[in-house]
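Okay, so here's the structure we're looking at.
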Amino acid sequence: MNRIAFGLIVGGIVALPTPNLQAESPKPTVSPSADATAMATRIDQLLAESWAAKTITPAEPATDAEFLRRVYLDLAGRVPTVAEARGFLADNRTDKRRHLIASLLHRPTYGRHFTTIWRHLLLPEADTNRQPLVFAGFDSWLHGQFERNVSFDQMVRELLTTPLDRPTPLKGINNLQGATNPTPISYYTAKEGKPENLASSSARVFLGLRLECAQCHDHPFATWTRDQFWGLAAFYAGIRTQDRGNGLSTIGAEVLDRRELSIPGTNRVVQATFPDGTEPVWTSKLTPRQTLAAWMTAKDNPYFARAAVNRVWAQLFGIGLIEPVDEMAGGQDTVIHHQALLDELARAFVAQKFDLKFLLEAITSTKAYQLSSRGKGQAALFSRHSLRGLTGEQLYDSLSTATGQPDAAGGDDLLIRPNAGPRQEFLTKFGQQTSKPTEYETSIIQALTLMNGNFVGQATRPKTGELLTAVMEAPFLNERGRVETIYLATLSRRPTDKEMEQVLAFLVKRGSGDNPGEALADLFWALLNSAEFVFNH
Amino acid sequence: MNSTSSSVPRSAFRVPRSYPGWDRRHFLRTGAAALGVSVSGWLDQLAAAAAPDPQRKRACILLWMNGGPSQMDTFDPKPGHANGGPIKGIETKVPGIRVAEHLPMLAARADHLAIIRGMATKEADHGRGSYLMRTGRVPGGPLRYPTIGSFVGKELERPDSELPCSVSIAPFRLLSPEAYGPGFLGPRYAPLVVAENVIGGPNGRNQDIARLLKVQDLDLPNGVSDQRGNARIEFRDGLDEEFLADHPGAAGDGHRTAYRRAVSLMRSSAVKAFDLTEEKDALRDKYGRNLFGQGCLLARRLVERGVPFIEVTLSSAPGVNNGLGWDTHQTNFESVEKLCEILDPAWATLMDDLKDRGLLDTTTILWMGEFGRTPKINPRKGRDHWANSWSTVLAGGGIKGGQVIGATTPDGMEVKDRPVSVPDLLATVCTAIGLDPAKQNASNVGRPIRLVEPTATPIKEVLS
């Protein structure tokens, strides 16, 4: 282990009197927003009323450690380091949770984490590494949006109206310059420039509407008709593609005044129409995509703000205020958990100029978000926090953090890259969740990878594991101190008294061999493989 | 920590089978008469036909042609018609049945094949088509249907088996991950995947195929003894027991199940099934030294060891679009030829090998992709997606070979005779392997769901 890494880790291990000695320490200049505080209070009020009406008793408040781990995973995409955990747990300020939230929203980890979240939504095609060159420039574009905290409506307008006549990333990759040019154009490439693919993706992600089932024919019980679907698709009708002969197509020059298309396989021509049935007002200044973007992101659009708010809520609770988040209206199985709360939150989001950080700060500041996840049986209406699976990125970055390899979780390695590094390799095994986070499925392969694979194997070998070595070599730690440190590194909490006794007994039983580090390594291994580590809760 | 929760006896992972002997067919026989309900005739016929020997272990191998194989250039050739392209038809062992010229070994074994030329479906998108073919259901709606490997595997699972009930070899799941999942049956029945195909992933050329086809990370890490490995697994189990006891939910249940099954697999000698180096070189050569060929060999080894469902995906060939190999929008004829060079020996050898071991009669083989391809040849000498009239093939156990079912028009554009729907096809497979397609499972929306849509009618002339 190099000296610097050793110093960093040991710096975290020692129970330092002040928490703010590390690079990622909270900046004192960041303070909580009063508007977010007011909104949080209002959310709690609405939920309390609903709980009272339905005689639901909410769970206990989350402990500091429970909250700490959860909010790091949700806003930074990884667990806290030992130093961050110690610092927060030792902090005596009564408003330390608000301060942590505000500071997490201003760290580089914020942009990085939300880039991966939104890329999965917008470019699911990239999830298994398919044709990585096609997706060049997209991550850096998204990352720039979150770094600069571009308002959500502006971000969506940029995506939906981006000019398509620029050099495509595929061309650019040849001169290596284009590979890093931030551009959302991959959104169009990934959808093969097809109006129907673009319509179904933009309706799902930005409007919370699943129209594509009506693509082929009207369904007897569905709300959406085939004409409504193709009416939306017609806004993208001017996009031209060029087949490159290798299965990839690139986007060509766009016919800017095309406002209709004929439904494939039929003679029926459909005019561009908004899904709510209103007719666009055409002007010569705006192209069809610009017209669509203006309608979609308007303050009074009936779907846009609500869909965004619902999605962010679902990201933080595992369940949306309306489910499914992609099908908020018209689905056979659409379930409304809290309409009034959604509407009020959507209004506040619009009033705050579509500021995603406002939304995240308000929701994570609520008592509801800060409820414990402990309990038995079902818990309705967000009255207890749920067990949520981690994304592949969250898991990899948390493993890196917990095992003392912060570089592996470093800031820049978020792009879809042609060359698969260890993070990419890991993501192909862990990044293919299709179900909701509360219904996360673990595969046998994943369990085998975590138990016997290289990553955890290296980290839990006394000679190669950075954190493990630091813990073993730290002269000021006794056995209890070492156990506590390993708990903080993995579970972001101290062991309970009962757990400490059980662990010490295990260490004594296991530690009789030649290698005293082995038993500690086994404890570390077990914690990294535990449900408490691999879930957000 | 509860030390009794440890040591993981293998028998602990047996799943109780639901009400043995008390199945749908039983209900229909007894219940229908009592209620005076007319039971559609085929059920009784099938009950009589299927499973004369209940002790026989049946299995199913799906040969999945990712991308959508061209029917006109494989099992429904149209030489002489403009749509037929340059590919010739050849005679087979069965007089009157002709297949495309690139399948000579299968032609010589046509007496085992039942070629269905009247597939008529409605989904011509890779994702939606895969979901339809692999679950028997149209995508969308509240239910998450299980993939065929999961629902067949669940029914045929043997409680004493240490191997999973369903194995997926070299799948390319990108475009429709849910078409490969266990759906409402839950992760317990998720197929075990080996050699997953991801573009940019490890399945390129110059790979050690035998190594790729092994279950990864099965051995304890270097330097960890069995005793130590067991002790820490036991400790880990204890941690989970405590944590999951007051963190209920599907996610936690799935985690617990996956770890139990993974540990059970680690401790089993049955995983030797995945070691292809045990096979003779000559036989490995016959299958073809490529991922699909060796995957077929692995499928036979798994059938021998009682795994009831195995699928082998053919999704690439040298010089052919990797991942969606059969998606031949351009240069269709060259690509199909290269793919057939892999398909023909692998599938033919698989049938020979199963037959030599007395397993062909109890192993049903299903050949299909997500759809067929346009009869008309496009300007890039390619064929595009086509669901209106295309082919699938059945062979082996429970199947009466040596026949063609249905026909398309001379231009290939329409099914002229005996159209077959997806539920019909899957009901036929179920019946061939001794399952009642109307058997019900509990689902995630609280109502029981049949293996196959109730509208399904097995293709009775195909069943032996």
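Protein chains in written order, with the working numbering: chain A, 731 to 1267; chain B, 2 to 465. Virtual Cβ for every residue (Gly too), placed ideally from N, Cα, C.
Rounded C-beta distance between residue i and residue j? I'm assuming under 8 Å.
i, j, result
"Arg1118(A)", "Phe1265(A)", "6 Å"
"Ala121(B)", "Ser390(B)", "6 Å"
"Arg1019(A)", "Tyr966(A)", "7 Å"
"Leu292(B)", "Leu213(B)", "7 Å"
"Leu1273(A)", "Ala964(A)", "No statement about residue 1273(A) is possible, as the shown extent of chain A runs from 731 to 1267 and does not include it."
"Trp871(A)", "Pro914(A)", "5 Å"
How many Å lie between residue i and residue j at the Cα?
i, j, result
"Thr329(B)", "Leu937(A)", "35 Å"
"Thr892(A)", "Thr839(A)", "27 Å"
"Asp1127(A)", "Asp1227(A)", "29 Å"
"Leu1253(A)", "Val1233(A)", "8 Å"
"Thr793(A)", "Tyr260(B)", "28 Å"
"His27(B)", "Leu464(B)", "Residue confidence for His27(B) is low, a pLDDT of 37 falling below 50, so the modelled location carries little weight; the figure read from the coordinates is stated next. Distance between the alpha carbons of His27(B) and Leu464(B): 21 Å."
"Arg138(B)", "Leu175(B)", "19 Å"
"Ala1281(A)", "Tyr1033(A)", "This structure cannot settle anything about residue 1281(A), because the visible part of chain A is limited to 731 through 1267."
"Leu221(B)", "Asp1085(A)", "49 Å"
"Ser316(B)", "Gly128(B)", "15 Å"
"Gly90(B)", "Val405(B)", "15 Å"
"Lys1166(A)", "Gln1062(A)", "18 Å"
"Ala349(B)", "Ser1130(A)", "48 Å"
"Gly1105(A)", "Asp254(B)", "15 Å"
"Pro183(B)", "Ile311(B)", "14 Å"
"Arg233(B)", "Leu962(A)", "56 Å"
"Val168(B)", "Val264(B)", "17 Å"
May I ask you to list the residues that DSSP assigns as paired with residue i?
i, result
"Met120(B)", "Trp391(B), Val421(B)"
"Gln72(B)", "Answer is none; Gln72(B) lacks a bridge partner."
"Glu1053(A)", "Val1065(A)"
"Ile400(B)", "Leu464(B)"
"Cys61(B)", "Phe310(B), Thr365(B)"
"Met1181(A)", "Looking at the DSSP assignment, Met1181(A) forms no beta bridge with any residue, so it has no partner."
"His1267(A)", "Note: His1267(A) sits in no beta bridge, so no partner."
"Met66(B)", "Leu315(B), Gly370(B)"
"Gln972(A)", "Thr980(A)"
"Pro791(A)", "Leu1101(A)"
"Val809(A)", "Paired residues: none, contrary to the question."
Given a threshold of 16 other Cβ atoms within 10 Å of its Cβ, counted over all protein chains shown, does residue i qualify as buried or as exposed?
i, result
"Lys826(A)", "buried"
"Gln228(B)", "exposed"
"Leu986(A)", "exposed"
"Asn223(B)", "exposed"
"Phe959(A)", "buried"
"Glu1196(A)", "buried"
"Asn1208(A)", "exposed"
"Val453(B)", "buried"
"Lys784(A)", "exposed"
"Trp1043(A)", "buried"
"Arg145(B)", "buried"
"Thr996(A)", "exposed"
"Ser916(A)", "buried"
"Glu1091(A)", "buried"
"Lys287(B)", "buried"
Note down, in chain order, each residue of its chain lying with its Cβ closer than 7 Å to the Cβ of residue i, except the 5 sequence neighbours on either side.
i, result
"Gln441(B)", "Arg25, Pro449, Ile450, Arg451"
"His113(B)", "Met352, Ala396, Gly397, Gly402"
"Gln1176(A)", "Lys1159, Phe1160"
"Asp1056(A)", "Arg934, Gly938, Arg940"
Can you find the residues in the same chain that come closer than 8 Å, C-beta to C-beta, to residue i, ignoring five residues on each side of it along the sequence?
i, result
"Asn1245(A)", "Pro1192"
"Ser71(B)", "Trp327, Thr329, Asn333, Val337, Gly373, Arg374, Arg384"
"Lys339(B)", "Ala318, Pro319, Gly320, Val321"
"Ala111(B)", "Thr93, Lys94, Val95, Ile98, Val100, Gly402, Gly403"
"His873(A)", "Gly841, Arg842, Thr845, Pro912, Leu1144"
"Leu1257(A)", "Ile1216, Tyr1217, Thr1220, Leu1221, Phe1263"
Who are the near neighbours of residue i in its chain, counting only those whose CB is closer than 6 Å to its CB and skipping five residues on each side?
i, result
"Ala1076(A)", "Ala1035, Arg1036, Val1039"
"Gln1082(A)", "Phe1088"
"Ala428(B)", "Pro438, Val453, Ala457, Pro459"
Compute every distance between the C-beta of residue i and the non-hydrogen atoms of the ligand MG, then say whether any falls below 7 Å.
i, result
"Ala125(B)", "In terms of ligand content, the structure shown is empty, and the ligand MG therefore cannot be addressed."
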